[in-house]
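*Asks:* Okay, handing you the structure first.
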Amino acid sequence: MRKIESNIITSTVKDLCAKANYNLPDDVLKSVNVFIPQESGTSHDILEQIADNAAIAKKEKVPLCQDTGTANFFIKLGKDVYIENGNIYDAINKGVALGYADNYLRKSIVSDPIERKNTMDNTPSNIYIDIVSGDKIEITFLPKGGGSENASALKMLTPSAGWEGVKEFVLSVVKDKGGDACPPLIVGVGIGGDFASVGLLSKKTLLREIGNANKNTFYAKKEQELLSEINKLNIGPMGMSGNPTALAVFIATKPTHIASLPVAVSIQCHSCRRKKISI
Amino acid sequence: MKINLQDLILNIKDIKVGQKILLSGNIYTARDAAHKRIVDILNKGEELPIDLKNSVIYYCGPTPTKPGEIVGSCGPTTSSRMDVYTPRILKEGVKVLIGKGTRSESAVKSLKENNAVYLVATGGVGALISKRVKKSELLVFEDLGPESIYRFEVEDMPLIVAIDSFGNNIFNKIVL
Numbered sequence: 682m683r684k685i686e687s688n689i690i691t692s693t694v695k696d697l698c699a700k701a702n703y704n705l706p707d708d709v710l711k712s713v714n715v716f717i718p719q720e721s722g723t724s725h726d727i728l729e730q731i732a733d734n735a736a737i738a739k740k741e742k743v744p745l746c747q748d749t750g751t752a753n754f755f756i757k758l759g760k761d762v763y764i765e766n767g768n769i770y771d772a773i774n775k776g777v778a779l780g781y782a783d784n785y786l787r788k789s790i791v792s793d794p795i796e797r798k799n800t801m802d803n804t805p806s807n808i809y810i811d812i813v814s815g816d817k818i819e820i821t822f823l824p825k826g827g828g829s830e831n832a833s834a835l836k837m838l839t840p841s842a843g844w845e846g847v848k849e850f851v852l853s854v855v856k857d858k859g860g861d862a863c864p865p866l867i868v869g870v871g872i873g874g875d876f877a878s879v880g881l882l883s884k885k886t887l888l889r890e891i892g893n894a895n896k897n898t899f900y901a902k903k904e905q906e907l908l909s910e911i912n913k914l915n916i917g918p919m920g921m922s923g924n925p926t927a928l929a930v931f932i933a934t935k936p937t938h939i940a941s942l943p944v945a946v947s948i949q950c951h952s953c954r955r956k957k958i959s960i
Numbered sequence: 058m059k060i061n062l063q064d065l066i067l068n069i070k071d072i073k074v075g076q077k078i079l080l081s082g083n084i085y086t087a088r089d090a091a092h093k094r095i096v097d098i099l100n101k102g103e104e105l106p107i108d109l110k111n112s113v114i115y116y117c118g119p120t121p122t123k124p125g126e127i128v129g130s131c132g133p134t135t136s137s138r139m140d141v142y143t144p145r146i147l148k149e150g151v152k153v154l155i156g157k158g159t160r161s162e163s164a165v166k167s168l169k170e171n172n173a174v175y176l177v178a179t180g181g182v183g184a185l186i187s188k189r190v191k192k193s194e195l196l197v198f199e200d201l202g203p204e205s206i207y208r209f210e211v212e213d214m215p216l217i218v219a220i221d222s223f224g225n226n227i228f229n230k231i232v233l
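From first to last, the protein sequence lines are chains A and B.
Take the position in the first sequence, starting the count at 1, then add 681; the result is the number in the working numbering.
Take the position in the second sequence, starting the count at 1, then add 57; the result is the number in the working numbering.
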């Protein structure tokens with residue numbers, strides 16, 4: 682058993698909150714930069730603003746976007762870890778409260794969806810834990826803005842719909858709501874599982890880096906097919922036409938019931954902030 | 058085209074869809090919760106704590122300001138969530154709305170009827186936009202946290218005319 686003090690988790694999370702919100706991941710910036718010389722007019726200007734914004738945010742430690750998001754944590758918890766003086770959920774939420782206060786990040790969580798009173802410390806966060814072998818804790822932080830989250834959707838298709846049904850649904854989601862979700866987008870598609878699990882499956886795909894091909898060659902091709910179709914929609918950066926509408930499509934699948942074909946589409950804006958660290 | 062707010066409002070009919078402008082002047086921030094509160098106050102027949110006549114509303118909830126800085130990250134939020142409040146807000150004399158993304162038919166109609174315009178800023182570039190804010194002051198509704206109303210003095214804020222006072226809509230011109 683390896684003992685890890687809960688306050689180590691808290692300070693690590695606090696640090697992650699700042700780093701993720703000030704730094705656009707290299708793969709995202711690289712992907713945006715590819716399109717700048719290819720575009721002209723409004724789409725060119727917007728892509729250039731995105732790159733300039735990333736430089737200012739990094740240099741001056743200013744949040745990339747004012748929506749510093751819901752704090753999502755994807756944890757791989759080694760089974761040989763013992764957390765001392767606390768539990769992982771409280772340790773993470775304490776790190777979020779400190780991280781959002783001390784780094785001047787926006788607090789965007791309301792305690793009740795109808796009453797809508799701000800909790801003023803950006804907690805509670807969403808914490809998803811997988812138990813794995815080993816004695817480490819791997820923490821991946823995905824602060825996600827509300828605008829792109831609102832564009833996400835889920836549908837319970839049935840088996841006869843097949844791949845064509847999935848494709849039609851993904852394209853309809855991007856077409857209906859993608860323009861308002863700060864494109865260029867990253868589109869995370871979850872297929873299979875059930876109603877409760879497919880949404881999380883789609884969200885987890887957003888942790889993948891752009892340029893890393895899907896290990897499953899069938900779905901690697903389907904990702905390219907969807908990306909190409911999405912980019913034919915001519916929604917463009919900020920919905921003002923041009924290219925690209927999406928930088929990447931990521932697909933993840935899991936086994937499902939003989940009667941079901943659940944599909945979830947997690948829409949991620951261009952400010953795709955994510956940061957991983959191991960303790 | 059550089060333009061200050063007074064000139065824009067005075068010559069609002071000359072502002073045409075698709076134009077790129079660099080706006081200077083005083084603007085209010087207000088997003089979901091502030092809109093709801095404004096409309097609640099108006100519906101009760103009470104007086105608003107801010108004067109909306111000939112004003113600009115920027116759909117924005119900035120990050121907290123660091124000590125020594127003017128403002129935090131302050132890009133636009135999705136405008137369509139404010140559509141339901143827009144006709145009532147425009148009736149109070151607001152002339153310019155700033156946000157990101159499409160608007161509902163009723164919001165477009167209301168812009169036209171009230172001789173007002175809708176401008177868009179780039180979403181997700183709040184650090185860049187913060188450089189164009191020269192002064193920032195928390196005005197009212199402090200209890201709403203990031204949804205409080207601030208007054209920003211902006212200089213050369215980069216915007217695109219998305220809906221002009223004739224109801225011409227940039228998003229309708231984009232063939233999907």
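All C-beta atoms, glycine included, are put in the ideal place defined by N, C-alpha and C.
(1) Does the structure place the region 806 to 813 of chain A close enough to the region 747 to 766 of chain A that three or more beta carbon pairs sit under 8 Å?
(2) With a threshold of 8 Å on Cβ separation, who are the neighbours of L233/B within its own chain once the five nearest residues in sequence on each side are excluded?
(3) Taking its Cβ as the centre, do 16 or more other Cβ atoms sit within 10 Å of H938/A, making it buried, or is it exposed?
(4) By the three-class DSSP mapping on this structure, what secondary structure does S193/B have?
(5) Is D221/B buried or exposed, if buried means 16 or more other CB atoms sit within 10 Å of its CB?
(6) Please compile the residues from chain B whose C-beta is within a distance smaller than 8 Å of the C-beta of R797/A.
(7) Tell me where the alpha helix (DSSP H) around Y900/A begins and ends.
(8) What would DSSP say about V165/B, mapped onto helix, strand or coil?
(9) In chain A, which residues lie with their C-beta within 7 Å of the C-beta of G132/B?
(10) Going by C-alpha distance, which of V944/A, P864/A, G869/A, I948/A is nearest N915/A?
(11) Quick check on the DSSP output: the beta strand (DSSP E) that includes V153/B runs from which residue to which?
(12) Under 7 Å, CB to CB, which of the residues in the region 932 to 960 of chain A have a partner in chain B?
(13) What separation, rounded to the nearest whole angstrom, lies between the Cα atoms of G150/B and N171/B?
(14) Hey, how far is the Cα of P215/B from the Cα of S789/A?
(15) Is the Cβ-Cβ distance between S163/B and D140/B less than 8 Å?
(16) Against chain A, which members of the region 181 to 208 of chain B pass a CB distance test of less than 9 Å?
(17) Can you list the residues of chain A that S137/B reaches, using a CB-CB cut of under 7 Å?
(18) Which whole runs of the alpha helix (DSSP H) in the region 718 to 791 of chain A are 4 residues long or more, in chain order?
(19) From what residue to what residue does the beta strand (DSSP E) around Q76/B run?
(20) State yes or no: is the C-beta of E920/A within less than 8 Å of the C-beta of T723/A?
(21) Excluding sequence positions up to five away, which residues of its chain have a Cβ less than 8 Å from the Cβ of I770/A?
(22) Could you check whether the Cβ of I78/B sits closer than 8 Å to any Cβ belonging to chain A?
(23) Using C-beta distances below 8 Å, list every residue in its chain close to E104/B, excluding the 5 sequence neighbours before and after it, in chain order.
(24) For Q730/A and chain B, any beta-carbon pair shorter than 8 Å?
(25) Do you know how far the Cα of D861/A is from the Cα of K742/A?
(26) According to the neighbour-count rule (16 or more other Cβ atoms, all chains shown, within 10 Å of its Cβ), is R797/A buried or exposed?
(27) Considering Y703/A, what are the terminal residues of the alpha helix (DSSP H) in which it resides?
(28) Quick check: what's the CA-CA separation for F876/A versus D64/B?
(29) Leaving aside the five residues before and after V197/B along the sequence, list all residues of the same chain whose C-beta is less than 8 Å from its C-beta, in chain order.
(30) For K93/B and S959/A, I'd like the C-alpha separation in whole angstroms.
(31) Starting from the beta carbon of I727/A, find every residue of chain B whose beta carbon is closer than 8 Å, and list them in chain order.
*Replies:* Well, looking at it:
(1) yes
(2) Since pLDDT at L233/B reaches only 44, below the 50 mark, its modelled position is unreliable, and the value read off the structure follows with that caveat. Closer than 8 Å at Cβ, skipping near neighbours: no residue.
(3) exposed
(4) strand
(5) buried
(6) A90
(7) 898 to 912
(8) DSSP places V165/B in the helix class (H, G or I) of the three-state scheme.
(9) C746, Q747
(10) P864/A
(11) 153 to 156
(12) C950, H951, S952
(13) 8 Å
(14) 26 Å
(15) Yes. Within cutoff.
(16) G181, V182, G183, A184, L185, I186, S187, K188, D200, L201, G202, P203, E204
(17) D861
(18) You should have 722 to 741, 769 to 783.
(19) Taken as a continuous stretch (DSSP letters only), Q76/B belongs to no beta strand (DSSP E), as it is neither H nor E.
(20) Note on residue identity: the sequence assigns Gly, not Glu, to residue 920/A. No, they are not a contact pair.
(21) First, the amino acid is wrong: residue 770/A is Tyr here, not Ile. So the qualifying residues of the chain are I808.
(22) no
(23) I98
(24) yes
(25) The alpha-carbon atoms of K742/A and D861/A are separated by roughly 27 Å.
(26) exposed
(27) Note, Y703/A: alpha helix (DSSP H), 687 to 703.
(28) 54 Å
(29) Hits under 8 Å: P106, I107, S205, I206.
(30) 43 Å
(31) T179
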